[in-house]
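Q:
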Amino acid sequence: MSDGHFRLLSFLITSARGCVDEPKIYGPLRLLDAAMRLIDIMEEEGRATPEVLRLRGLIEEALDVLMHDEEEFVRRMDELSRELAKIIKGQKT
Amino acid sequence: MEVMEAIRGRRAVRRFTGEKVSLEDMKKILEAGIWAPSGSNVQPWEFVLVMDEDNVERVKMLSPGLFGNPSALVVLCVNRKRAERAGKMGEESALMDVSMAAQNMMLAAYSMGIGSCPVLSFNKAALRELLDIPEHVEPVLILTFGYPKFWPKAPRRRPLEEVVHFERYGRRLE
Numbered sequence: 001m002s003d004g005h006f007r008l009l010s011f012l013i014t015s016a017r018g019c020v021d022e023p024k025i026y027g028p029l030r031l032l033d034a035a036m037r038l039i040d041i042m043e044e045e046g047r048a049t050p051e052v053l054r055l056r057g058l059i060e061e062a063l064d065v066l067m068h069d070e071e072e073f074v075r076r077m078d079e080l081s082r083e084l085a086k087i088i089k090g091q092k093t
Numbered sequence: 094m095e096v097m098e099a100i101r102g103r104r105a106v107r108r109f110t111g112e113k114v115s116l117e118d119m120k121k122i123l124e125a126g127i128w129a130p131s132g133s134n135v136q137p138w139e140f141v142l143v144m145d146e147d148n149v150e151r152v153k154m155l156s157p158g159l160f161g162n163p164s165a166l167v168v169l170c171v172n173r174k175r176a177e178r179a180g181k182m183g184e185e186s187a188l189m190d191v192s193m194a195a196q197n198m199m200l201a202a203y204s205m206g207i208g209s210c211p212v213l214s215f216n217k218a219a220l221r222e223l224l225d226i227p228e229h230v231e232p233v234l235i236l237t238f239g240y241p242k243f244w245p246k247a248p249r250r251r252p253l254e255e256v257v258h259f260e261r262y263g264r265r266l267e
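Same order as they appear, the protein sequences are chains L and R. Per this note's numbering, residue 1 is the first one in the first sequence, and the count goes up by one each step. Per this note's numbering, residue 94 is the first one in the second sequence, and the count goes up by one each step.
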């Protein structure tokens, strides 16, 4: 139960089932939640760079506004995507 | 605490301090639940209280909509056999009954400084298996409980003028 990978696996399977019946906006919510859980695992394994940890903060902020301001949520997801692109841009192939 | 104060102050809390809610306080919250109204006084509810840390974690693993680290969970279920006593309407009214019990619990919790959050996104089949819930009992809602890290701000409410129809549908309340 303490295995982070298994916990993420469980989250993904139950989320997939849930998304069939849930509101559309729950799709991005679950994916961002999964991303945050993945960053937690990367951190535990010493593989999360400061840039990646910063992404987690941005995800948290986006999730905070989701329930009361969907427009702002989308704006923050765009910001998150831009930040991700900056990380990718700086990576060596 | 005034009832209206609790109604207006309650929030869906998704971040908790980690401090434990006592069993005694959870019993008070559950007591508020059983005093909810129910159709034909059928009281079709069953409440599964989960407080053991490992068990809370297990439920979390099967509930994508369950956020944070709550101290306790209540799985609210409809007992279909009891609901049948309310006739054809039993199935529908049972959901309303359980919802009213849930609101009672959340308001009682708020009056005690305890945060709560209703969670619908959980895997029913898996939860049944995990908690040994029998076939005629259906889990319909999870409530999380814990001391809030902060009380979230209130989402906008649709105003009375928009929601209320005075005497007939479409006539606005001035």
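The beta-carbon is built from N, C-alpha and C at its ideal position, and this holds for glycine as well. Values in this document were obtained by computation on a predicted structure and should not be read as measured data.
With respect to the beta strand (DSSP E) encompassing residue 165(R), which residues constitute its N-terminal and C-terminal limits?
A: Counted from its first residue, the second sequence places residue 165(R) at position 72. 165-172 is the extent of the beta strand (DSSP E) around residue 165(R).
Q: DSSP has residue 212(R) in a bridge; who is on the other side?
A: Taking the second sequence and counting its residues from 1, one reaches residue 212(R) at position 119. Beta-bridge pairing links residue 212(R) to 235(R).
Q: Using beta carbons (cut-off 8 Å, strictly below), is residue 5(L) in contact with chain R?
A: Numbered from its first residue, the first sequence carries residue 5(L) at position 5. Not an interface residue.
Q: Using a Cβ cut-off of 8 Å (strictly closer), state whether residue 154(R) contacts chain L.
A: Position 61 of the second sequence holds residue 154(R). Yes, residue 154(R) counts as interfacial toward chain L.
Q: Taking 8 Å as the cut-off, does the segment 172-191 of chain R touch the segment 129-139 of chain R (at least 3 CB pairs, one atom from each stretch)?
A: Verdict: yes, contact present.
Q: With DSSP as the reference, label residue 50(L) as helix, strand or coil.
A: Within the first sequence, numbered from 1, the residue matching residue 50(L) stands at position 50. DSSP places residue 50(L) in helix when its eight states are reduced to three.
Q: When DSSP labels each residue in this structure, what does residue 5(L) get in the three-state scheme?
A: Translated into the one-based positions of the first sequence, residue 5(L) becomes position 5. Reduced to three states, the DSSP call for residue 5(L) is helix.
Q: Quick one: give me the first and last residue of the alpha helix (DSSP H) that residue 70(L) is part of.
A: Position 70 of the first sequence, counted from the first residue, corresponds to residue 70(L). Residues 70-90.
Q: By the 9 Å beta-carbon criterion, what residues does the segment 236-258 of chain R contribute toward chain L?
A: Those would be 245, 246, 247, 248 and 249, in chain order.
Q: Less than 8 Å separating the beta-carbons of residue 30(L) and residue 157(R)?
A: Translated into positions along the first sequence, residue 30(L) becomes position 30. Translated into positions along the second sequence, residue 157(R) becomes position 64. Cβ atoms of residue 30(L) and residue 157(R): closer than 8 Å.
Q: Give a yes or no on whether the minimum CB-CB distance between residue 18(L) and chain R is below 8 Å.
A: Here residue 18(L) is taken as the residue at index 18 of the first sequence, counted from 1. Yes, because at least one Cβ of chain R sits closer than 8 Å to the Cβ of residue 18(L).
Q: Counting only beta-carbon atoms, is residue 157(R) nearer than 8 Å to chain L?
A: Counting from one through the second sequence, the residue named residue 157(R) turns up at place 64. Interface residue, yes.
Q: Smallest Cα separation from residue 13(L): which of 143(R), 161(R) and 219(R)?
A: For the purposes of this step, residue 13(L) is identified with residue 13 of the first sequence, where counting begins at 1. Of the listed residues, the one whose Cα sits closest to residue 13(L) is 219(R).
Q: By Cβ distance below 7 Å, which residues in the same chain neighbour residue 193(R) in space, the five residues on each side in sequence not counted?
A: On the second sequence, residue 193(R) is found 100 positions in, with the first residue counted as 1. Cβ neighbours of residue 193(R) beyond the five flanking positions: 129 and 130.
Q: The beta strand (DSSP E) that contains residue 142(R), what's its start and end?
A: Numbered from 1 along the second sequence, position 49 holds the residue referred to as residue 142(R). Unbroken beta strand (DSSP E) run through residue 142(R): 138-143.
Q: Run down chain L in chain order and give the residues with a C-beta less than 7 Å from the C-beta of residue 150(R).
A: The residue you call residue 150(R) lines up with position 57 of the second sequence. 1, listed in chain order.
Q: Grab the span of the alpha helix (DSSP H) containing residue 266(R) for me, first residue to last.
A: The residue labelled residue 266(R) in the question sits at position 173 within the second sequence. It is not in any alpha helix (DSSP H) - residue 266(R) carries neither H nor E in the DSSP assignment.
Q: Given this structure, state the Cα-to-Cα distance separating residue 97(R) from residue 40(L), to the nearest angstrom.
A: Stepping through the second sequence from its first residue, residue 97(R) is reached at position 4. Stepping through the first sequence from its first residue, residue 40(L) is reached at position 40. Roughly 40 Å separates the two Cα atoms.
Q: Is the segment 160-172 of chain R touching the segment 83-92 of chain L in the sense that three or more CB pairs, one from each, lie closer than 8 Å?
A: No: fewer than three Cβ pairs fall under 8 Å.
Q: Is the CB-CB distance between residue 76(L) and residue 58(L) below 8 Å?
A: Within the first sequence, the letter at position 76 stands for residue 76(L). Within the first sequence, the letter at position 58 stands for residue 58(L). Contact flag set, yes.
Q: Would you report the Cα separation of residue 229(R) and residue 168(R), rounded to the nearest angstrom?
A: Numbered from 1 along the second sequence, position 136 holds the residue referred to as residue 229(R). Numbered from 1 along the second sequence, position 75 holds the residue referred to as residue 168(R). Computed Cα separation, rounded: 15 Å.
Q: Quick one: list the residues of chain R neighbouring residue 11(L), beta-carbon separation under 8 Å, in chain order.
A: For the purposes of this step, residue 11(L) is taken as the residue at position 11 of the first sequence. Here the neighbours are 154 and 157.
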